[in-house]
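Going by the numbering used here, the first residue of the sequence shown is number 594, and it counts up by one from there.
Even glycine gets a Cβ: it sits at the ideal position worked out from N, Cα and C.
Since this is a predicted model, take the numbers as computed values, not measurements.
A quick write-up on the structure given underneath.
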Amino acid sequence: MEHALRGELQSKMAFCGCGKLHFTYGPITLHFDRSEFLAFADSVGRLGALVRQAAKDSTVVPSHVPNATICH
C-alpha cells in the first residue's frame, strides 16, 4: 500500500506485509521496523511543531534541540 504525501510525487510511504515501513523522498528511501518508524515520526512531529510555532510567533528564535544536527 503506497500513498503520496500532499500530492507531491517525490514523497511516498509503503507499509509492507512483512511489517517493514518504507519512506521515500526523491532518491532516498528509509526503511524502518515499527518501533523505529514511530520514533522517527515523533521526532518529525516535534520539529513540525517548532516550525508551526515559529511561523505563528515572529519572536520565536530557532533553538538547538537535543540530538539535532547543526547545519552551520
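Return the bridge partner residues of residue i from the DSSP annotation.
i       : result
Phe-633 : Partner(s): none; Phe-633 has no beta bridge.
Leu-640 : Answer is none; Leu-640 lacks a bridge partner.
Ala-647 : In DSSP, Ala-647 forms no bridge with anything.
Ser-604 : Tyr-618
Between the C-alpha atoms of residue i and residue j, what's the straight-line distance to the nearest angstrom?
i       : j       : result
Phe-625 : Gly-619 : 17 Å
Cys-609 : Phe-616 : 11 Å
Ser-636 : Gln-603 : 21 Å
Leu-640 : Ala-632 : 13 Å
Is the distance from the Cβ of residue i to the Cβ of residue j below 7 Å?
i       : j       : result
Phe-630 : Leu-614 : yes
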